[in-house]
Amino acid sequence: MDCTYKNPNAPIEVRVKDLLSRMTLQEKIGQMTQIERSVATPADLKSFSIGSILSAGGSVPFQKALPADWADMVDKFQQAALESRLGIPLIYGIDAVHGNNSVYGATIFPHNVGLGATSQLRGWTRAHENWTPKSSVVQINGFPLACDNLVFLNISLKLPKSLVLLDLKCEC
2 MDCTYKNPNA PIEVRVKDLL SRMTLQEKIG QMTQIERSVA TPADLKSFSI
52 GSILSAGGSV PFQKALPADW ADMVDKFQQA ALESRLGIPL IYGIDAVHGN
102 NSVYGATIFP HNVGLGATSQ LRGWTRAHEN WTPKSSVVQI NGFPLACDNL
152 VFLNISLKLP KSLVLLDLKC EC
């Protein structure tokens, strides 16, 4: 069977229409659902077609988890999502509004309101300079990564291969 929705060369409107036509009501509801990481299991992702997981403040894989530990955890969730009936990649979010204090050894900054309250543009600029070039955005929801090497919170990290989604399987 033709998996138009997984064809990167097909127009996006055609891909969306094809995917939606294949989804059950349960899968559509699951894809609109974001659950907190502390209650998520890889089995739940497959069973309920969960679309997104959020690591809210304090939601860590374990105490003193390093970036590689986070990548391993997200990789397991992503693999489960890709092994679901339609293989829809997972969207993973981290609550890190002032640096990711869930990563052991990460740089923590005041909240934006705290930086703004100082009236010191230099402090805001320095925080922004630290966030922007040293923290890369990883798109794990179906778009290929530019590379499998990531600098995450000042720590170089080799990404698990399953996060580099260049070859999605087709089980339509």
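In the working numbering, the protein residues as written are 2 to 173. Ideal Cβ placement from N, Cα and C applies to all residues, glycine included.
Through-space distance from residue 107 to residue 59, alpha-carbon basis: Within the sequence shown, numbered from 1, the residue matching residue 59 stands at position 58. Within the sequence shown, numbered from 1, the residue matching residue 107 stands at position 106. In this structure, the alpha-carbon of residue 59 lies about 13 Å from that of residue 107.
7 Å CB neighbourhood of residue 38 in its chain, flanking five on each side removed: To locate residue 38, count along the sequence shown from 1; it is residue 37. Closer than 7 Å at Cβ, skipping near neighbours: 54, 55, 56, 60.
As assigned by DSSP and simplified to three states, the class of residue 6: For the purposes of this step, residue 6 is taken as the residue at position 5 of the sequence shown. Reduced to three states, the DSSP call for residue 6 is helix.
Complete beta strand (DSSP E) runs within the region 36-100 (minimum length 3 residues, chain order): Within the region 36-100, the complete beta strand (DSSP E) runs of at least 3 residues are 53-56, 92-95.
DSSP three-state assignment for residue 22, whether helix, strand or coil: Locating residue 22 in the sequence shown gives position 21, where the first residue counts as 1. Here residue 22 sits in helix by DSSP.
Cβ-based burial, residue 85 [other Cβ within 10 Å; buried from 16]: For the purposes of this step, residue 85 is taken as the residue at position 84 of the sequence shown. Residue 85 counts as buried, since at least 16 other C-beta atoms from the protein chains shown sit within 10 angstroms of its C-beta.
Straight-line Cα distance separating residue 52 from residue 82: Against the sequence shown, residue 82 aligns to sequence position 81. Against the sequence shown, residue 52 aligns to sequence position 51. Using only the alpha carbons, I get a separation of about 8 Å.
Contact belief for residue 5 with residue 16 at Cβ below 8 Å, rounded distance in angstroms: What you label residue 5 is simply residue 4 of the sequence shown in a count that begins at 1. What you label residue 16 is simply residue 15 of the sequence shown in a count that begins at 1. Contact between residue 5 and residue 16 holds: their C-beta atoms lie close to 6 Å from each other, under 8 Å.
Candidates 20, 18, 47: closest to residue 31 by CA position: One-based indexing of the sequence shown puts residue 31 at position 30. Checking every option, the nearest Cα to that of residue 31 belongs to 47.
Cα-Cα separation, residue 44 to residue 116: The count along the sequence shown starts at 1 and reaches residue 44 at position 43. The count along the sequence shown starts at 1 and reaches residue 116 at position 115. One C-alpha to the other measures close to 41 Å.
Pairwise C-alpha distance: residue 22 and residue 95: As a working note, residue 95 is residue 94 in the sequence shown. As a working note, residue 22 is residue 21 in the sequence shown. Inter-residue distance for residue 95 and residue 22 is about 31 Å (C-alpha atoms, whole angstroms).
Burial state of residue 89 (16 or more Cβ within 10 Å): Counted from its first residue, the sequence shown places residue 89 at position 88. Result: buried.
Proximity below 8 Å, CB of residue 91 to CB of residue 78: For this step, residue 91 is matched to residue 90 along the sequence shown. For this step, residue 78 is matched to residue 77 along the sequence shown. Yes, the pair counts as a contact, with Cβ atoms nearer than the cut-off.
Rounded Cβ spacing between residue 104 and residue 71 (contact assumed at less than 8 Å): The residue given as residue 104 occupies position 103 in the sequence shown. The residue given as residue 71 occupies position 70 in the sequence shown. Correct: roughly 6 Å between the Cβ atoms.
Exposure label - residue 28; buried when at least 16 CB within 10 Å: By one-based count along the sequence shown, residue 28 stands at place 27. Buried: at least 16 other Cβ atoms inside 10 Å.
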